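Enquirer: Chains as they are written, first to last, in our numbering: chain A, 1 to 295; chain B, 296 to 584.
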């Protein structure tokens with residue numbers, strides 16, 4: 001290929017923009033730029049950015065904003081109104097649910113970007129139900145083999161940021177966030193090690209036990225240790241023992257019992273899980289398991 | 296149990312994370328400069344992050360430290376924008392006039408030519424979706440400068456029955472043909488004169504008269520004294536004028552052709568082949584170091 005038909009690489013253009021090239025190299029770049037609109041635009045816009053006043057990062061703070069049609073706005077308004085009515089009803093009928101529903105989200109701001117990234121995916125990253133405010137999404141495809149799930153860039157970025165901010169991970173909150181992040185990107189051994197550590201440090205934290213149940217179950221699903229399923233059952237039951245209102249734990253316990261090949265127990269557990277799921281889609285998914293586990 | 300922290304290495308991922316704030320700022324800057332509406336800006340942000348992450352953070356692994364990482368990443372993201380725009384726009388390219396007139400003209404042309412909006416609709420979209428605050432009268436002037444490249448639309452025969460013939464008078468057609476021939480003659484003479492210039496002179500011309508960059512921008516890029524640049528451009532224009540006159544083209548004729556929206560002159564003397572292929576941000580055969 002003739003030289004003039006190719007383009008300098010990005011670092012060469014950066015060197016030119018910074019003025020660090022010798023005269024010969026500089027002249028070579030200028031010969032190219034004279035005839036190449038694309039590279040001229042790269043260099044000029046790079047210089048324009050470098051000369052621009054700093055743009056506040058809050059303008060584009062890391063966030064995940066999926067495309068939504070305008071109809072979404074109407075749906076949101078209707079949904080919010082319905083949610084407000086629901087919360088009021090819950091407050092009146094079962095006030096202890098309110099903290100269980102909304103408390104965890106406010107307690108874990110470090111997970112919010114990850115939660116937002118996961119919410120943009122067509123399926124959830126794990127078969128179990130994570131606590132902490134992860135939105136409903138269908139389970140990952142059972143037809144795909146273990147370990148072949150593609151992790152989206154947004155999830156990888158959110159997980160990487162959690163890893164960066166976790167620092168020395170001596171803090172249980174940081175360990176927990178990193179454990180969940182590792183779980184969503186498929187690093188299951190690391191996730192389990194971290195969540196086990198948090199569970200030991202916080203023996204009365206039902207959410208950690210429930211998420212640990214999810215992690216064991218996921219590792220079992222991807223061909224992990226033989227006793228992962230029974231560990232999952234135990235962790236979910238510990239979670240329920242700590243907080244019987246944690247709906248995620250009921251879901252995970254039923255799923256673990258089903259995977260453990262205990263159809264009678266699983267059928268009962270799914271019936272109990274259906275009763276405890278608040279959101280319709282989780283309820284529907286739990287209900288869908290009932291015929292499959294009936295002895 | 297592996298609760299102990301792992302040593303932090305300057306891997307691609309570590310570099311990526313350390314520069315995330317800069318990356319977000321460059322993305323915002325590019326989106327703003329090109330008037331990307333919210334959904335497109337988000338889409339572009341995702342596009343950039345995929346580029347930076349793919350191939351195991353290949354962009355970072357390729358960095359050799361010959362420039363600062365900040366400038367390097369900025370050039371990478373600027374190129375990623377070209378990739379993004381090419382994939383979004385397909386084969387459509389703005390006209391040379393639109394490029395010369397700047398981003399607003401490119402946007403206006405994109406909406407009216409590529410997306411087939413009427414001028415009025417395009418103005419509304421520019422204001423609503425792209426936060427363009429240019430007065431309507433100014434947009435009309437810009438639109439008047441753009442070459443008319445209206446797409447053909449196929450209408451059913453019955454709907455054409457009442458439509459008046461759009462055939463133009465013969466004298467207008469002949470005048471256009473003459474203008475096109477003259478434009479080709481001017482273009483050839485200009486291209487020849489341009490090729491006789493040095494590379495930096497041609498670059499100055501391209502930046503000033505094709506890209507519409509200011510003298511301040513050009514002087515900063517080329518590290519030239521601004522006053523000296525004015526004098527240099529003046530001298531170059533005189534040289535080109537002399538070359539055109541020597542080719543039998545007078546100033547009035549050239550001026551009429553340059554002003555005409557009906558013809559488009561690519562006066563740089565290069566070929567579309569060198570300007571059109573977009574540089575790749577990846578490991579590409581199109582790149583040289």
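Backbone N, C-alpha and C fix where the C-beta goes; we use that ideal spot for every residue, glycine too.
Bear in mind that the values here come from a model prediction, so they are computed numbers and not experimental data.
Are there 16 or more other CB atoms within 10 angstroms of the CB of residue 366 of chain A, so buried, or fewer, so exposed?
Expert: Nothing about residue 366 of chain A can be read from this structure; chain A reaches only from 1 to 295.
Enquirer: Under 8 angstroms, CB to CB, which of the residues in the segment 13 to 43 of chain A have a partner in chain B?
Expert: Listed by position along the chain: 13, 14, 15, 17, 18, 19, 20, 27, 30, 31, 33, 34, 35, 36, 37, 38, 39, 40, 41, 42 and 43.
Enquirer: Comparing C-alpha positions only, which one of A:163, A:128, A:141 and A:139 sits nearest to residue 114 of chain A?
Expert: Reading the first chain from its first residue, position 114 is the one you call residue 114 of chain A. Of the listed residues, the one whose Cα sits closest to residue 114 of chain A is A:163.
Enquirer: Let me know the secondary structure DSSP gives residue 8 of chain A once reduced to three states.
Expert: For the purposes of this step, residue 8 of chain A is taken as residue 8 along the first chain, with counting starting at 1. Correct three-state label for residue 8 of chain A: strand.
Enquirer: Establish whether the CB of residue 242 of chain A and some CB of chain B are separated by less than 8 angstroms.
Expert: Taking the first residue of the first chain as 1, we reach residue 242 of chain A at position 242. So no, residue 242 of chain A is outside the interface.
Enquirer: Closer than 8 angstroms is the cut-off here; do at least three beta carbon pairs connect the segment 480 to 494 of chain B with the segment 529 to 539 of chain B?
Expert: As far as the Cβ criterion goes, the segment 480 to 494 of chain B touches the segment 529 to 539 of chain B, which means the pair count is three or higher.
Enquirer: Nearest-angstrom Cα distance between residue 128 of chain A and residue 270 of chain A?
Expert: Translated into the one-based positions of the first chain, residue 128 of chain A becomes position 128. Translated into the one-based positions of the first chain, residue 270 of chain A becomes position 270. So the two alpha carbons sit approximately 13 angstroms from each other.
Enquirer: Taking residue 325 of chain B as the reference, give the member of B:380, B:436 and B:364 with the closest Cα.
Expert: Within the second chain, residue 325 of chain B is the residue found at index 30, counting from 1. For residue 325 of chain B, the nearest C-alpha among the options comes from B:380.
Enquirer: Return the residue from the list A:121, A:29, A:28 and A:200 that minimises the CA-CA distance to residue 137 of chain A.
Expert: Working through the first chain from its first residue, we reach residue 137 of chain A at position 137. Here the closest residue by C-alpha is A:121.
Enquirer: Does the CB of residue 91 of chain A have a neighbour CB from chain B at under 8 angstroms?
Expert: Start at 1 with the first residue of the first chain, and residue 91 of chain A comes out as number 91. For residue 91 of chain A, the pLDDT reaches just 40, beneath the cut-off of 50, and the residue's location in the model is therefore unreliable, although a value from the coordinates is still provided. Answer no: the Cβ-Cβ gap between residue 91 of chain A and chain B never drops below 8 angstroms.
Enquirer: Starting from residue 364 of chain B, follow the alpha helix (DSSP H) in both directions and report where the run begins and ends.
Expert: As a working note, residue 364 of chain B is residue 69 in the second chain. Element bounds for residue 364 of chain B: 364 to 384.
Enquirer: Just the C-alpha distance for residue 233 of chain A and residue 220 of chain A, rounded to the nearest angstrom, thanks.
Expert: By one-based count along the first chain, residue 233 of chain A stands at place 233. By one-based count along the first chain, residue 220 of chain A stands at place 220. Answer to the nearest angstrom: the Cα atoms are 12 angstroms apart.
Enquirer: With distances taken Cα to Cα, identify the nearest neighbour of residue 179 of chain A among A:211, A:238, A:150 and A:243.
Expert: Along the first chain, one-based indexing puts residue 179 of chain A at 179. Checked all of A:211, A:238, A:150 and A:243; the closest Cα to residue 179 of chain A is A:211.
Enquirer: Is the beta carbon of residue 209 of chain A less than 8 angstroms from the beta carbon of residue 199 of chain A?
Expert: Counting from 1 along the first chain, the entry for residue 209 of chain A is found at position 209. Counting from 1 along the first chain, the entry for residue 199 of chain A is found at position 199. Yes, the pair counts as a contact, with Cβ atoms nearer than the cut-off.
Enquirer: Taking 8 angstroms as the threshold (C-beta atoms), are residue 373 of chain B and residue 45 of chain A in contact?
Expert: Counting from 1 along the first chain, the entry for residue 45 of chain A is found at position 45. Counting from 1 along the second chain, the entry for residue 373 of chain B is found at position 78. A contact, by the Cβ cut-off of 8 angstroms.
Enquirer: Taking CB distances under 8 angstroms as the criterion, tell me whether residue 373 of chain B reaches chain A.
Expert: Your numbering for residue 373 of chain B matches position 78 in the second chain. Chain A, which has a Cβ nearer than 8 angstroms to the Cβ of residue 373 of chain B, makes this yes.
Enquirer: The alpha helix (DSSP H) that contains residue 24 of chain A, what's its start and end?
Expert: Within the first chain, residue 24 of chain A is the residue found at index 24, counting from 1. Per DSSP, residue 24 of chain A belongs to the alpha helix (DSSP H) from 23 to 35.
Enquirer: Touching or not, the segment 390 to 404 of chain B and the segment 342 to 361 of chain B, by the rule of three or more beta carbon pairs under 8 angstroms?
Expert: No, they do not touch.
Enquirer: Just curious, the alpha helix (DSSP H) that residue 247 of chain A is in, first and last residue?
Expert: Stepping through the first chain from its first residue, residue 247 of chain A is reached at position 247. Residue 247 of chain A -> alpha helix (DSSP H) spans 247 to 259.
Enquirer: Let me know the secondary structure DSSP gives residue 351 of chain B once reduced to three states.
Expert: Mapped onto the second chain, residue 351 of chain B falls at position 56. Helix, per DSSP.
Enquirer: Between the Cα of residue 395 of chain B and those of B:503, B:376 and B:547, spot the shortest distance and give me the residue it belongs to.
Expert: As a working note, residue 395 of chain B is residue 100 in the second chain. Of B:503, B:376 and B:547, the residue nearest in Cα terms is B:503.
Enquirer: Which term fits residue 223 of chain A, buried or exposed, when burial requires 16 or more other beta carbons within 10 angstroms of its beta carbon?
Expert: For the purposes of this step, residue 223 of chain A is identified with residue 223 of the first chain, where counting begins at 1. The residue is exposed, with fewer than 16 neighbouring Cβ atoms inside 10 Å.
Enquirer: Would you call the segment 282 to 291 of chain A and the segment 254 to 274 of chain A in contact, with 3 or more CB pairs under 8 angstroms?
Expert: Touching, per the Cβ criterion.
Enquirer: Could you tell me whether any Cβ in chain A is nearer than 8 angstroms to the Cβ of residue 445 of chain B?
Expert: One-based indexing of the second chain puts residue 445 of chain B at position 150. Bear in mind that a pLDDT of 41 at residue 445 of chain B, under 50, signals an unreliable position, so the model cannot answer this.
Enquirer: Mapping DSSP to helix, strand and coil, what is residue 48 of chain A?
Expert: Here residue 48 of chain A corresponds to residue number 48 of the first chain, with the count starting at 1. The answer is helix: DSSP assigns residue 48 of chain A an H, G or I state.
Enquirer: Can you look up residue 136 of chain A in the DSSP assignment and give me helix, strand or coil?
Expert: Here residue 136 of chain A refers to the residue found at position 136 of the first chain. In the structure shown, residue 136 of chain A sits in coil (DSSP, three-state: anything other than H, G, I, E or B).
Enquirer: Quick check on residue 540 of chain B: does DSSP put it in helix, strand or coil?
Expert: By 1-based counting over the second chain, the position of residue 540 of chain B is 245. Helix at residue 540 of chain B.
Enquirer: Does any residue of chain A have a CB that is nearer than 8 angstroms to the CB of residue 392 of chain B?
Expert: In the second chain, residue 392 of chain B corresponds to position 97, counting from 1. Chain A, which has no Cβ nearer than 8 angstroms to the Cβ of residue 392 of chain B, makes this no.
Enquirer: For the putative contact between residue 390 of chain B and residue 441 of chain B, defined by C-beta atoms under 8 angstroms, what is the C-beta separation to the nearest angstrom?
Expert: The sequence position of residue 390 of chain B within the second chain is 95, counting from 1. The sequence position of residue 441 of chain B within the second chain is 146, counting from 1. So it is a contact: roughly 6 angstroms between Cβ atoms.
Enquirer: Starting from residue 512 of chain B, find everything on chain A with Cβ-Cβ shorter than 8 angstroms and list it in chain order.
Expert: For the purposes of this step, residue 512 of chain B is taken as the residue at position 217 of the second chain. Result: 44, 47 and 48.
Enquirer: Does residue 219 of chain A come within less than 8 angstroms of chain B when only Cβ atoms are used?
Expert: By one-based count along the first chain, residue 219 of chain A stands at place 219. No, because no Cβ of chain B sits closer than 8 angstroms to the Cβ of residue 219 of chain A.
Enquirer: Given that residue 341 of chain B touches chain A, what residues does it touch there, using C-beta distances under 8 angstroms?
Expert: Along the second chain, one-based indexing puts residue 341 of chain B at 46. Residues of chain A passing the Cβ test: 153 and 154.
Enquirer: Using the beta-carbon of each residue, which ones in chain B are nearer than 7 angstroms to residue 157 of chain A?
Expert: As a first step, residue 157 of chain A is located in the first chain; it is residue number 157 there, counting from the start. Correct list: 344.
Enquirer: State yes or no: is the C-beta of residue 237 of chain A within less than 8 angstroms of the C-beta of residue 183 of chain A?
Expert: Residue mapping note: residue 237 of chain A aligns to position 237 of the first chain, counting from 1. Residue mapping note: residue 183 of chain A aligns to position 183 of the first chain, counting from 1. The answer is no: Cβ separation not under 8 angstroms.
Enquirer: To which residues of the same chain is residue 348 of chain B closer than 8 angstroms at the C-beta, ignoring the five residues directly before and after it?
Expert: By one-based count along the second chain, residue 348 of chain B stands at place 53. 311.
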